[in-house]
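Participant: Those protein sequences? They're chains Y and A, same order as listed.
Per the working numbering, residue 54 is the first one in the first sequence, and the count goes up by one each step.
Per the working numbering, residue 54 is the first one in the second sequence, and the count goes up by one each step.
Sharing a structure, written as structure tokens. Questions coming.
2 protein chains.
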Amino acid sequence: MNYYPEIVQKLIEKLEKLPGIGPKSAERIVNFLIEEDEKNVISLAENLISLKKEVKLCQKCFNLSDKEICNICSDEKRENIICVVEEVKDLVLIEKTGFKGKYHVLWGRISMLEKVYPSDLKIPQLIERLKNENIEEVIIATNPTPEGEDTAMYISDILKKMNIKHSRLAIGIPLGSEIEYIDVNTLKKSIEGRKIL
Amino acid sequence: MNYYPEIVQKLIEKLEKLPGIGPKSAERIVNFLIEEDEKNVISLAENLISLKKEVKLCQKCFNLSDKEICNICSDEKRENIICVVEEVKDLVLIEKTGFKGKYHVLWGRISMLEKVYPSDLKIPQLIERLKNENIEEVIIATNPTPEGEDTAMYISDILKKMNIKHSRLAIGIPLGSEIEYIDVNTLKKSIEGRKIL
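Pasting the structure below:
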């Protein structure tokens with residue numbers, strides 16, 4: 054049974070499908086939108102449409118872009134290092150660190166459980182790129198999760214065969230954390246990777 | 054500095070303004086939408102527009118409605134009891150309990166701190182309604198928060214002067230909860246409101 058007018062009910066159902074939004078937050082968002090200025094809501098709707106119409110993936114690195122080739126790939130000052138990430142949001146975070154190399158966005162991670170295979174990701178395109186571009190090093194910056202590690206291993210195996218220098222982000226205890234609350238495996242990795250002072 | 058194409062950045066900023074969505078979830082939603090079918094995203098956008106164009110407030114009880122008077126208010130089988138709630142989502146929850154009376158949605162609660170006064174809410178309209186409709190009882194179902202209690206007290210004072218029978222939802226320990234985890238004030242209210250068996 055529907056307790057809301059049909060349009061409201063449909064919108065709630067659509068919002069619920071977005072990541073991180075449950076039934077309660079969908080209801081709260083609709084309530085907010087009902088009270089919000091009409092022009093703001095229409096501008097949000099138009100923005101959603103232009104997202105699908107105008108934003109595409111960079112043909113080189115698969116970053117989001119409004120052009121065929123993204124700003125980072127067209128920047129000639131960038132170093133010939135490729136940082137491989139799972140998602141665009143990882144690229145954005147690494148950009149914020151001041152990293153001056155290029156990227157390659159995989160759009161996911163290998164997962165046998167979820168039936169995501171290397172060919173479902175932008176891995177073939179990475180290999181193709183490495184054949185054509187003169188790259189000094191590949192930094193594999195997939196997440197330190199089981200799936201991210203599997204993906205890193207898979208890419209590392211290929212790069213070894215291609216004889217391309219590659220590295221993995223350091224695993225360790227985060228700045229500002231307390232060792233007491235760090236899990237044992239992270240701590241173990243952090244000891245293994247210790248730096249001589 | 055913008056790390057995303059302008060359209061993406063703008064959309065993230067707009068999503069961040071929605072309740073319960075922070076910068077991280079806004080990014081995650083945009084990533085999801087990028088990969089989502091174009092037709093689904095456009096249908097979401099259209100739904101947002103029709104929300105603003107077609108959904109209005111019931112002229113009687115201020116429930117959401119696609120007509121001047123909502124389905125509940127036009128239902129002649131409903132009892133002449135008005136349940137006063139802060140938000141439409143409270144109305145929806147009370148409907149699910151099988152309540153067969155009518156409603157009045159205040160669209161908020163009195164809050165001196167947030168400068169929300171009785172006239173900012175649908176309280177004058179409630180009083181007007183009570184003058185014209187033949188109502189047997191008003192159930193004040195505002196939240197048991199300080200603001201909700203203030204609002205309830207304010208309405209109760211008016212109803213006393215108007216000589217209209219009114220009640221407040223029972224405060225007590227929720228079904229399925231463990232007394233160990235209930236706060237002292239709730240427990241106190243629950244003892245005060247105990248039922249003789």
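Ideal Cβ placement from N, Cα and C applies to all residues, glycine included.
Note that the coordinates shown come from a computational prediction; the quantities given were computed from them, not determined experimentally.
Here's the rule: buried if 16 or more other CB atoms are within 10 angstroms of the residue's CB, otherwise exposed. What is S78 of chain Y?
Facilitator: Position 25 of the first sequence, counted from the first residue, corresponds to residue 78 of chain Y. S78 of chain Y is buried by the Cβ-count criterion.
Participant: Considering only the beta carbon of each residue, do I82 of chain Y and P76 of chain A sit closer than 8 Å?
Facilitator: Here residue 82 of chain Y is taken as the residue at index 29 of the first sequence, counted from 1. Here residue 76 of chain A is taken as the residue at index 23 of the second sequence, counted from 1. No, the pair does not count as a contact, with Cβ atoms beyond the cut-off.
Participant: Where do the N-terminal and C-terminal ends of the beta strand (DSSP E) with C136 of chain Y fall, by residue?
Facilitator: Here residue 136 of chain Y is taken as the residue at index 83 of the first sequence, counted from 1. 134-138 is the span of the beta strand (DSSP E), which, as asked, contains C136 of chain Y.
Participant: Below 8 Å on the Cβ atoms is my guess for P58 of chain Y versus D119 of chain A; work out the distance and round it to an integer in Å.
Facilitator: As a position in the first sequence, residue 58 of chain Y is number 5, starting the count at 1. As a position in the second sequence, residue 119 of chain A is number 66, starting the count at 1. Yes, they are in contact, since the Cβ atoms of P58 of chain Y and D119 of chain A sit about 4 Å apart, within 8 Å.
Participant: Which residues, in chain order, does the region 173-195 of chain A contribute to contact with chain Y at a C-beta distance below 8 Å?
Facilitator: none
Participant: Report buried or exposed for I208 of chain A, applying the criterion of at least 16 other Cβ atoms within 10 angstroms of its Cβ.
Facilitator: Translated into positions along the second sequence, residue 208 of chain A becomes position 155. The residue in question, I208 of chain A, is buried, as its Cβ has 16 or more Cβ neighbours within 10 Å.
Participant: Have a look at V108 of chain A and S220 of chain Y and give me their C-alpha separation to the nearest angstrom.
Facilitator: Counting from 1 along the second sequence, the entry for residue 108 of chain A is found at position 55. Counting from 1 along the first sequence, the entry for residue 220 of chain Y is found at position 167. So the alpha carbons of these two residues sit roughly 55 Å apart.
Participant: The alpha helix (DSSP H) spanning I226 of chain A covers which residue range?
Facilitator: Numbered from 1 along the second sequence, position 173 holds the residue referred to as residue 226 of chain A. Neither: I226 of chain A is in no alpha helix (DSSP H) and is coded neither H nor E.
Participant: Report back the beta-carbon spacing between K168 of chain Y and C114 of chain Y to the nearest angstrom; my notes put them in contact at under 8 Å.
Facilitator: For the purposes of this step, residue 168 of chain Y is identified with residue 115 of the first sequence, where counting begins at 1. For the purposes of this step, residue 114 of chain Y is identified with residue 61 of the first sequence, where counting begins at 1. With a Cβ gap of about 25 Å, K168 of chain Y and C114 of chain Y do not count as contacting.
Participant: Take E121 of chain Y as the anchor and find which of Y:L97, Y:L110, Y:Q62, Y:E129 has the nearest alpha-carbon.
Facilitator: Taking the first residue of the first sequence as 1, we reach residue 121 of chain Y at position 68. Measuring from the Cα of E121 of chain Y, the nearest candidate turns out to be Y:L110.
Participant: With a threshold of 8 Å between beta carbons, is A98 of chain A in contact with chain Y?
Facilitator: Translated into positions along the second sequence, residue 98 of chain A becomes position 45. So yes, A98 of chain A belongs to the interface.
Participant: Could you tell me which chain A residues have their CB closer than 9 Å to the CB of L159 of chain Y, listed as they occur along the chain?
Facilitator: Position 106 of the first sequence holds residue 159 of chain Y. Under the 9 Å cutoff, chain A gives no residues; its nearest Cβ is about 13 Å from L159 of chain Y.
Participant: 8 Å is my cut-off, CB to CB: does E148 of chain Y come that close to chain A?
Facilitator: The sequence position of residue 148 of chain Y within the first sequence is 95, counting from 1. So, interface residue.
Participant: Hey, could you find the ends of the alpha helix (DSSP H) I102 of chain A is sitting in?
Facilitator: Counted from its first residue, the second sequence places residue 102 of chain A at position 49. 91-107 is the span of the alpha helix (DSSP H), which, as asked, contains I102 of chain A.
Participant: Please confirm if V141 of chain A has its CB atom under 8 Å from at least one CB of chain Y.
Facilitator: The residue labelled residue 141 of chain A in the question sits at position 88 within the second sequence. Closer than 8 Å: yes.
Participant: Would you kindly work out how many angstroms separate the C-alpha atoms of L64 of chain A and S103 of chain Y, rounded to a whole number?
Facilitator: Working through the second sequence from its first residue, we reach residue 64 of chain A at position 11. Working through the first sequence from its first residue, we reach residue 103 of chain Y at position 50. If I take the Cα positions, the gap works out to 10 Å.
Participant: For the region 185-203 of chain A and the region 122-136 of chain Y, state whether three or more C-beta atom pairs, one from each stretch, are separated by less than 8 Å.
Facilitator: no
Participant: As a quick exercise: from Y:Q112, Y:N133, Y:S243, pick the residue whose alpha carbon is nearest that of E186 of chain Y.
Facilitator: Locating residue 186 of chain Y in the first sequence gives position 133, counting from the first residue. Ranking the options by Cα distance to E186 of chain Y, first place goes to Y:N133.
Participant: Determine the extent of the beta strand (DSSP E) in which E66 of chain Y is found, giving its start and end residues.
Facilitator: Taking the first sequence and counting its residues from 1, one reaches residue 66 of chain Y at position 13. No beta strand (DSSP E) contains E66 of chain Y, which is instead part of the alpha helix (DSSP H) from 59-69.
Participant: Using a C-beta cutoff of 8 Å, does I132 of chain Y count as contacting chain A?
Facilitator: For the purposes of this step, residue 132 of chain Y is identified with residue 79 of the first sequence, where counting begins at 1. Checking the sequence shown, residue 132 of chain Y turns out to be Glu, not Ile. Not one chain A Cβ lies under 8 Å of E132 of chain Y.
Participant: I'd like to know whether the C-beta of N216 of chain A is nearer than 8 Å to at least one C-beta of chain Y.
Facilitator: On the second sequence, position 163 is the one that residue 216 of chain A refers to. It does not; no Cβ of chain Y falls within 8 Å.
Participant: For the candidate residues A:I188, A:V158, A:K184, whose alpha-carbon lies nearest to that of L174 of chain A?
Facilitator: Taking the first residue of the second sequence as 1, we reach residue 174 of chain A at position 121. Taking only the C-alpha atoms, the option nearest L174 of chain A is A:V158.
Participant: Ignoring anything shorter than 3 residues or poking outside the region 185-239 of chain A, list the beta strand (DSSP E) runs there in chain order.
Facilitator: 190-193, 219-221
Participant: Assuming I232 of chain Y and I226 of chain Y form a contact by the criterion Cβ under 8 Å, report the distance between their Cβ atoms to the nearest whole angstrom.
Facilitator: Here residue 232 of chain Y refers to the residue found at position 179 when the first sequence is read from its first residue. Here residue 226 of chain Y refers to the residue found at position 173 when the first sequence is read from its first residue. Cβ atoms of I232 of chain Y and I226 of chain Y come within 8 Å of each other, at about 6 Å.
Participant: Just to confirm my understanding: we take I180 of chain Y, look at its own chain, exclude 5 residues before and 5 after, and list those with CB closer than 7 Å. What are they?
Facilitator: Position 127 of the first sequence, counted from the start, is the residue given in the question as residue 180 of chain Y. Here the set comprises I211.
Participant: Could you tell me which residues DSSP pairs with V158 of chain A in its beta bridges?
Facilitator: The residue given as residue 158 of chain A occupies position 105 in the second sequence. The partner list for V158 of chain A (beta bridge, DSSP) reads A:V138.
Participant: Mind checking whether R131 of chain A and K106 of chain A have CB atoms under 8 Å apart?
Facilitator: Walking along the second sequence from the start, residue 131 of chain A turns up at place 78. Walking along the second sequence from the start, residue 106 of chain A turns up at place 53. Taking 8 Å as the Cβ cut-off, R131 of chain A and K106 of chain A do not qualify as a contacting pair.
Participant: Got a sec: which bits of the region 100-122 of chain Y sit with their beta carbon under 7 Å from any beta carbon on chain A, in order along the chain?
Facilitator: Across the region 100-122 of chain Y, CB contacts with chain A closer than 7 Å involve N100, L101, I102, S103, L104, K105, E107, V108, L117, S118, D119, in sequence order along the chain.
Participant: Between which two residues does the alpha helix (DSSP H) holding K77 of chain A run?
Facilitator: For the purposes of this step, residue 77 of chain A is taken as the residue at position 24 of the second sequence. 76-88 is the extent of the alpha helix (DSSP H) around K77 of chain A.
Participant: Compare the C-beta of I95 of chain A against all C-beta atoms of chain Y and say whether one is closer than 8 Å.
Facilitator: Start at 1 with the first residue of the second sequence, and residue 95 of chain A comes out as number 42. Chain Y contact via Cβ: present.
Participant: Using a cut-off of 8 Å between C-beta atoms, extract the partners of V61 of chain Y located in chain A.
Facilitator: Translated into positions along the first sequence, residue 61 of chain Y becomes position 8. Under the 8 Å cutoff, chain A gives L104, V108, L117.
Participant: Would you please state the rounded distance, in angstroms, between the beta carbons of L101 of chain Y and L250 of chain A? I believe it to be under 8 Å.
Facilitator: Residue numbering aside, residue 101 of chain Y sits at position 48 when the first sequence is read from its first letter. Residue numbering aside, residue 250 of chain A sits at position 197 when the second sequence is read from its first letter. Not confirmed; about 56 Å, so no contact.
Participant: Nearest-angstrom Cα distance between V145 of chain A and I192 of chain A?
Facilitator: Taking the second sequence and counting its residues from 1, one reaches residue 145 of chain A at position 92. Taking the second sequence and counting its residues from 1, one reaches residue 192 of chain A at position 139. Their backbone Cα atoms lie some 15 Å apart in a straight line.
Participant: Let me check understanding here. Comparing Cα to Cα, which of Y:E91, Y:E99, Y:I95, Y:Y56 lies closest to E80 of chain Y?
Facilitator: As a working note, residue 80 of chain Y is residue 27 in the first sequence. For E80 of chain Y, the nearest C-alpha among the options comes from Y:Y56.
Participant: Pick out whichever of Y:A205, Y:M206, Y:S164, Y:M215 has its Cα sitting closest to the Cα of E189 of chain Y.
Facilitator: Mapped onto the first sequence, residue 189 of chain Y falls at position 136. Nearest to E189 of chain Y by C-alpha distance, out of Y:A205, Y:M206, Y:S164, Y:M215, is Y:M215.
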